[in-house]
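Following: one structure in structure tokens, then a few remarks.
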Amino acid sequence: MVRRPSFSPHRLCWAAVAAIAAIGHAQAQQAAPAEDSKKLERVEITGSLIKRTDKETPSVVQSISREEIRNSGYANVEELLRANSAVDLGSIGDGAASGFVGGISTISLRGFGSQGTLILINGRRTAPVAAVDVNFGRGTMVNVNTIPKEAIERIDILKDGASAQYGSDAMAGVINYILRKDYKGVEASASYSANDKGVGATKSGSVTFGFGNLDTQRFNVFGGLEVSKRDNVMANELKDRGNLALQNQYLTSNGSLARFTPDSSASFYGNYYKLPASLSGSTTIGGYTVGNNSLSGANYLGTLSGCPDERTVGKGVPNRPAGLASTTGSLPTGMCRFNLDDADEIIAAQDRQSGMVRGTYAINDNLTAYADVMFSKTKTNEKRVPYAMTTSLVTSGNRTAVSWGKLDGTLLRQDAIILPAGHPDNPTTGTANSQPIQLIYRFEDLPTGDINILRSTRLTAGLEGTAYGWDFDSAILFSKNENERFQEGRVRSSLLKAAIANNTYHFGKPNTAEGIASVSSTAYNRGESKLLSWDLRGSRELFKLPGGNAAIAIGTELRKEDLSAVPDDVYGTGDYIGLVANPASGTRKSYAAFSELSLPVVKQLELQAALRYEHSNDFGASTTGKTGFKWTALPSLMVFRGTAATGFRAPAISQIGNSFNLSFHNFQERRVFDSLRCDSSNPNAPVSKAPVANNRDCNVLGFSAVPSGTTNPGSLATVISANPDLKPEKSNSFTFGMIFTPTKYADLALDAWYFHRKNEIRSQRGVDIMDTYNANPAANGAQIVRDPNPETWLPGVANSGPIIMLVRQYGNNEWTKTSGLDYDFNLRFPATSIGKFSLNVNGTYTARYDQVVVKGQDVQRQVGTTTSDISKTRASATFKWTTDLARAWVRFNHADPLASTICNSLTAAQRAFLSGMDRCRVGKDKTIDLGVAYSGFKGLTLSASVMNVFNDYDRSNGIPMVFNYYDSGAQGVLGRRFSLNANYQFQ
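Every letter in the sequence shown is one number past the one before it in our numbering, and letter 7, counting from 1, is 2.
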């Protein structure tokens, strides 16, 4: 039996410190190296606008070099960044859609969402994606997978607030992509990755080139092109991951069908039912008491012909599948079922092309012109599960199967598929028992593609150089993102009604393209986001201080942003059954002035101060500042550093401009009553006041706690509207740390941090709207949309129908506070005859992540929970071996488990099952990665890696299983996976 090594990052870090003493004495015997006689070049460092020779600033900046990116073993830059301990799972992965947009990768630092993390390319912004995601944390989405990997020189992660230097969004930090320049040569790279069964293959290739020498020829041109193709991954391809047998045992513990059997009664070969006046009561069938509302009950009449044997009850599917509760009736012989698991996609197929060209020309010794162009196209093709309108029975008096909202606040309804008597597809037609039937049906012949195409273009042209003692840089930037979404085969209400009436679509039979078009069409959304800016920044030394020369940077920026997200005309009519639309448009013009001051007060102490004023035509003005220090307490041994900063985040244009977004909403903390229609004098047994009760009367938001017995009415339709009175979010942040370098072989950095965000922009929660309404119905009655049908009203009470929709609005709410400690330990062993060895341990300990959403509510302490997706400890340890021709590494990854509410909504049997195995949580990450490389061939480097060597699948919510793997859409869901890479430099 192979036993996995136990890994605790804290213990490993501090145990390794003891090794310093063993090698520190050897260093003390060596003479200090001679100083480089050349003058060091001043460069701009992320986190400071002042060009400097010392790369250590008061801010905490983690740099990931091109070689580290190439040798990391990760499939792409997104996966590498998501592995960083400061990045939380609130980031969007491009393997699966977020529900509103697909094919996008975003990064979230410290749990502040992608809107609190600023993404820069060469220190300048890029346009966000022109799509609206109403989920909190995604008001602004910048796609991080648009840059050719081989064009990146390094990635800087600034881990403190930086709005004073960079403006809006930099509250929790900055991700700055620094691109290569002044490169000469040609190199090509190719890579292939997949899991150990060949599933989830990603193939990529790139070419990078450069020519011209700035020193001798006064110019350089650098460029790169990268293409990649990713296969899609279906759930049934990963059934060997985790513990399928245990998952099935858990699911059947409550009388459910086993997971990997055909498990839906909605099928192309539809099951058909009587259309009764009532579904109340039960009937004894085969010795079992079966409710008349059951799909196995007395209203079942039969199944359309053609169902494959493997999906037919009584043939490939038993009448009583394993685990079916003894109180549940048998499945009717002949019923056709559909295997949802076989249609469930885990990672979508994707094709990506990206490229860039940068030209640099030295006009003279002091002035250089540059221009670059970047482009990318990403096409992500997701597969939806074939559409089934409903799997519930209706009555002759209430035929509604689906309800959904329009942007005008009205509610639309769609009847179930009811074939009238005499319809050619109605099996009772021509029989003595001819009658209308309800068909439980799945449109398996309709296209299921959900295609997202993202195009990004970025142009920069500028001048940099020195003049009158100033280092300056000025550039014009134009950035544009275009996105299109094609949702194929969306069933339309008007077409379906006409098709049933005219028999243009044949249920359960082959349909022509014309037949398919008679019930569905492609839903289309288009978005465009543009950013145009000009900036000028300069820095120079001012006067001499005891520690060196004081320096200042000043700058200004003008910026215009445009956003347009437009759904097709059919969205406006609401004709796509159950499909929501998210249109938005707006323009923002802003200008900013900023300055930074560096004061080396004494040789060992540098002080830093920065100030920025930014004004926008829509949200007003914001002034932010930052101070910092770096104190070399013991030269070459101990350095202390710290910052204090204020920050801001401008409301997204979609939140403050012209936008109305449809969504669905529920609330899973408590049941919410409608005070008008529900008698809640006994909160444990509330009763509807209506003659015909509606499930929403005493459970407006669909709370589904079990085993309380609450009936779940499902999600409630809502309209989310923009708010022109929004104010910017504000933040305060503090960092304090130390760098301890006892020998040239070892260093340790410890940095404590604290972030406080206020005036948080969120859409209203339905529970808060209802609490306000129930306390005073006149306070916000316009936000409560009721059924206008008088037949649903309370006797004698006008406009008292059940609630069918809520109107929510973006607003400034309360705060989030988070704090913790980052650590980074490096140990470099003395060179040996067999090579060099090194160890790095880095991670983040998050001590708190607290929130108050609405003023007056209790503080929610969310660190280590699935609410925040932030583990208390997240860390990795990497041990490396390098020689001139070869290298190898092993990496241990760890993240603490997350407390989950999964067991709160289970039956007693299921809760006992999970609790007994300590699975009422998301498991910890405890994976191990390996990598090797060899460069002994002329110009050629070959490398390979194995990620998750032991195929650990514990990062799941409950039983380790592909369906509840927590970081859905990410490469980790593949389990053990391999990658092969080749890089060739042409000589």
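Just so you know, even glycine gets a beta-carbon here, dropped at the ideal spot from N, CA and C.
Could you spell out the range, first to last residue, of the alpha helix (DSSP H) harbouring residue i?
| i | result |
| --- | --- |
| Lys492 | Ser488 to Asn497 |
| Glu62 | Arg61 to Arg65 |
| Arg77 | Val72 to Arg77 |
| Gly510 | Ala508 to Ala512 |
With H, G and I counted as helix, E and B as strand and the rest as coil, what does DSSP make of residue i?
| i | result |
| --- | --- |
| Gly697 | coil |
| Thr247 | helix |
| Ser910 | helix |
| Cys331 | strand |
| Arg315 | coil |
| Phe958 | helix |
| Ile87 | coil |
| Leu632 | coil |
| Ala293 | coil |
| Gly464 | coil |
| Thr373 | strand |
| Lys921 | coil |
| Tyr382 | coil |
| Glu786 | helix |
| Thr452 | strand |
| Ser103 | coil |
Would the beta-carbon of residue i fall within 8 Å of that of residue j?
| i | j | result |
| --- | --- | --- |
| Gly953 | Arg914 | yes |
| Thr452 | Lys475 | yes |
| Thr839 | Asp817 | yes |
| Gly265 | Phe502 | yes |
| Met956 | Asn238 | yes |
| Ile435 | Leu290 | yes |
| Gly329 | Gly309 | yes |
| Ser109 | Met136 | yes |
| Ile441 | Tyr382 | It is Leu, not Ile, that sits at residue 441 in the sequence shown. Taking 8 Å as the Cβ cut-off, Leu441 and Tyr382 qualify as a contacting pair. |
| Arg119 | Ala605 | no |
Would you report the Cα separation of residue i and residue j, rounded to the nearest angstrom?
| i | j | result |
| --- | --- | --- |
| Ile18 | Leu629 | Only weak support is given to the placement of Ile18: the predicted model assigns it a pLDDT of 38, under 50, and the question is left unresolved by the model. |
| Ala78 | Thr52 | 25 Å |
| Gln24 | Asn837 | Confidence in Gln24 is poor, its pLDDT being 39 and thus under 50, which makes the residue's placement too unreliable to answer from. |
| Ala870 | Gly533 | 39 Å |
| Ala894 | Gln663 | 16 Å |
| Pro892 | Ala872 | 18 Å |
| Phe750 | Thr813 | 5 Å |
| Val202 | Lys378 | 32 Å |
| Ala27 | Lys739 | The predicted model places Ala27 with a pLDDT of 39, which falls under 50 and marks its position as unreliable, so this point remains unresolved. |
| Tyr566 | Ala126 | 15 Å |
| Ile173 | Ser199 | 22 Å |
| Ala588 | Asn821 | 39 Å |
| Leu696 | Val762 | 8 Å |
| Gly970 | Gln804 | 41 Å |
| Val597 | Phe735 | 20 Å |
| Lys224 | Asp258 | 33 Å |
| Phe908 | Thr517 | 44 Å |
| Leu527 | Tyr586 | 12 Å |
| Trp529 | Asp235 | 54 Å |
| Gly938 | Thr101 | Correcting the residue type first, residue 938 is Ser in the shown sequence and not Gly. Distance between the alpha carbons of Ser938 and Thr101 is about 28 Å. |
For residue i, list the residues DSSP reports as bridge partners.
| i | result |
| --- | --- |
| Asn943 | According to DSSP, which records beta bridges pairwise, Asn943 is partnered with nothing at all. |
| Arg691 | Answer is none; Arg691 lacks a bridge partner. |
| Cys673 | Ser683 |
| Tyr608 | Ala588 and Thr618 |
| Val780 | Met800 |
| Val597 | Leu600 |
| Leu458 | Ala364 and Ser469 |
| Pro723 | The partner list for Pro723 (beta bridge, DSSP) is empty, contrary to what the question assumes. |
| Arg882 | Thr877 and Ala928 |
| Asn821 | Asp742 and Asn835 |
| Arg521 | Glu479 and Val561 |
Tell me which residue opens and which closes the beta strand (DSSP E) that residue i is part of.
| i | result |
| --- | --- |
| Leu629 | Gly615 to Leu629 |
| Thr141 | No beta strand (DSSP E) holds Thr141; DSSP gives it neither H nor E. |
Spell out whether any CB of chain C is found under 8 Å from the CB atom of residue i.
| i | result |
| --- | --- |
| Asn138 | Here chain C cannot be found, since the structure has a single protein chain. |
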